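See below for the structure under consideration.
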Amino acid sequence: MTATARNADPAELAKFTALAQSWWDPNGPSKPLHELNPLRLQYVERIATLAERQVCDVGCGGGILSESMARAGAQVLGIDLAQAVLDVAELHALESGVTVSYRAVAAEDLARERPGAFDLVTCMEMLEHVPDPAASLAALATLVKPGGDVVVSTLNRSARAFAVAIVGAEYIARVLPRGTHEYMRFIRPSELARWGRDAGLELKDLTGISYNPLTRAFRLSTDTRVNYLAHFTVT
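Quick look at the structure:
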């Protein structure tokens, strides 16, 4: 099956493949991912105990969150369609002594293969990069077992998100490569909630991520106008 048929944009995959070798450089192009990771892990652990849980990290990239959840005791499978990035993830896990399984497979394909297999499914900053985010969310819903949790993060389609995530981050501060994001692919919380309902998920929480440019620090907040995290459960 082609990447396009797997609900993936080859151009988007190419963007992240180009970042593969620098993925674990905390001062490189993936620096925002390293800075955001503690907040993401904090949010996930606020929702669910990770010890001994079966977790699927969809769109795992180089494995920054996957490794963190594994260190917290979870049995993690990270999946992605960018093989070069997965190669980096596997090598880093080996060097770090962290047990994480990685696989090049689409969420939709894995959902057909292993429905209801995971206690927790995470999907961070991926939905805004695929052609059909509603289909991706439906796959996440299929992967999680009854009573399990789905956690996603994405960007809101708002004027503030355009100013901060594209103009500010890509063109002024240059903390992200230009062209990392496309504004029209950003997702409003109302859209995400509707797609979740259609997939049999109940939205339990929305939490924003705010950034202080003076301290260069991220924090969880009630402001969902730019980045936000969402917690779903199976209805």
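If you number the sequence shown the way the working numbering does, the last residue is 235 and the count never jumps.
No residue lacks a Cβ here, since even glycine has one placed at the ideal position from N, Cα and C.
This structure is a prediction, so every number in the text was calculated from the model and none was measured.
Check, Outcome
"Measuring alpha carbon to alpha carbon, tell me which residue in Y228, S158, G63, A230 is nearest R103.", "G63"
"Suppose the cutoff is 8 Å on Cβ atoms and the five residues either side in sequence are ignored; what does the same chain contact list for L91 look like?", "none"
"Under a Cβ-count criterion, where at least 16 other Cβ atoms within 10 Å of its own Cβ denotes burial, should E52 be classed as buried or exposed?", "exposed"
"According to the neighbour-count rule (16 or more other Cβ atoms, all chains shown, within 10 Å of its Cβ), is G147 buried or exposed?", "exposed"
"Pairing CB atoms from the region 121-136 with CB atoms from the region 211-225, are three or more of them under 8 Å?", "no"
"Could you tell me which residues DSSP puts in a beta bridge with R103?", "I79"
"Please name the residue, chosen from A48, V98, D205, G61, that lies closest to A82 on a Cα-to-Cα basis.", "G61"
"Do L127 and I187 have their C-beta atoms closer together than 8 Å?", "yes"
"Hey, quick one: how far does the alpha helix (DSSP H) through F16 stretch, first residue to last?", "10-17"
"Under a three-way DSSP split, which group does L229 fall into?", "strand"
"Verify whether the separation of the beta carbon atoms of V76 and C123 is less than 8 Å.", "no"
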